[in-house]
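Report on one structure; see the data block that follows.
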Amino acid sequence: MNRPITPKRFQSIQKRALIKEFRIFLYLVLAPVLFAFTLQGCAAPTRGDLLQKFAANPEIGAYIRDVPFYPQEKYMCGPAALTSLLNYYSFGYDIDEVTAEVFEEKIQGTLLMDMLIYAKLKGFNAKAYESGPFDLKEELKKKRPMILKLNLGTKEKPLGHYIVAIGFDDDTGTLIAHSGIIQAQIFPYKTIMKSWKLTGYSALLIRP
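In my numbering, each residue carries its 1-based index in the sequence shown increased by 9.
This is the structure:
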């Protein structure tokens, strides 16, 4: 027999719902931010440091300066990353419109294939494929930013996250990427490659 919902019980239900919603927020929005700060380390180079090094010795890496950045909202790393790449090549795409087309409410996330289809429908030469460290660097050298699909969790409990790779530095072993709410974040190769490998080095490359 169903228990009657008294005012006290209703407040308890509301409280549990708010706690659950807050936990989801921490899991899906703050996790990428915490991931970024965890990877930085106390001796991580700054973006300014890398730009000075690239200017003096361009062979050590690559950096694409003019890739637009869109801070993600809850669940929205996919639409933010996709809008970033689209507007890099052809400015005029609205993140809300992109979100409406590719975001899936049922899974509270975005599939890589849906982003691929959207880019193709807009006339871009796009491919979703199994990339890798060498391929990524070659594309960045050609001034082609890429969307990387990461798993910030484990195989048993995956936590998907999309970033936009915009540069790298072999000298310090770091990747530069737009991620979450942080623009041009610096990531050590070792840790980020581990998260990328868990997705089979899944990537989305878009060209005009």
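Every residue, glycine too, gets a C-beta built ideally from N, C-alpha and C.
Keep in mind the model is a prediction, meaning the values are calculated, not measured.
Going by DSSP, name the residue or residues bridged to residue i.
i, result
"tyrosine 72", "Gly176"
"glycine 118", "Glu113"
"methionine 155", "Ala174, Leu214"
Anyone know if the C-beta pair for residue i and residue j falls short of 7 angstroms?
i, j, result
"tyrosine 102", "leucine 95", "yes"
"cysteine 86", "histidine 187", "no"
"threonine 108", "proline 88", "yes"
"threonine 92", "isoleucine 73", "no"
"tyrosine 97", "valine 111", "no"
Return the chain-ordered list of same chain residues with a C-beta closer than 8 angstroms to the C-beta of residue i, the five sequence neighbours on each side being excluded.
i, result
"threonine 55", "Ile195"
"methionine 122", "Ala137"
"leucine 125", "Ala135, Lys136, Ala137, Leu213"
"lysine 164", "Leu207"
"alanine 40", "Because the pLDDT at alanine 40 is just 49, under 50, the model does not fix this residue reliably, and the point stays unresolved."
"glycine 118", "Tyr84, Gly87, Phe112, Gly169"
"phenylalanine 100", "Pro77"
Please go through the same chain and pick out, in chain order, the residues whose beta-carbon is closer than 6 angstroms to the beta-carbon of residue i, but skip the five residues on each side of it.
i, result
"alanine 212", "Ser140, Met155, Leu157"
"glycine 70", "Phe177, Asp178, Asp179"
"glutamine 192", "Phe78"
"isoleucine 215", "Leu94, Ala128, Phe133, Ala135"
"proline 167", "Asn160"
"threonine 208", "Lys158, Asn160"
"lysine 151", "none"
"alanine 90", "Ile156, Tyr171, Val173"
Can you name the start and end residues of the alpha helix (DSSP H) that residue i belongs to?
i, result
"phenylalanine 133", "From DSSP, phenylalanine 133 is part of no alpha helix (DSSP H); its letter is neither H nor E."
"serine 140", "Taken as a continuous stretch (DSSP letters only), serine 140 belongs to no alpha helix (DSSP H), as it is neither H nor E."
"isoleucine 215", "Where isoleucine 215 is concerned, there is no enclosing alpha helix (DSSP H), although the beta strand (DSSP E) it sits in stretches over 211–216."
"threonine 92", "86–98"
Residues in its own chain within less than 7 angstroms of residue i by CB, not counting five upstream and five downstream?
i, result
"tyrosine 198", "Gly182, Thr183, Leu184"
"proline 142", "Met202"
"lysine 206", "none"
"glutamate 148", "Met155, Leu214"
"serine 204", "Leu159, Asn160, Leu161"
"alanine 174", "Leu145, Leu149, Pro154, Met155, Leu157, Leu184, Ala186"
"tyrosine 210", "Glu139, Ser140, Gly141"
"glutamate 30", "The predicted position of glutamate 30 is uncertain, since its pLDDT is 47 and thus under 50; a value taken from the coordinates is nonetheless stated next. Cβ neighbours of glutamate 30 beyond the five flanking positions: none."
"leucine 120", "Glu113"
Legend entry - beta strand (DSSP E) runs contained entirely in the segment 159–208, provided each spans 3 or more residues: 169–178, 183–188, 191–197
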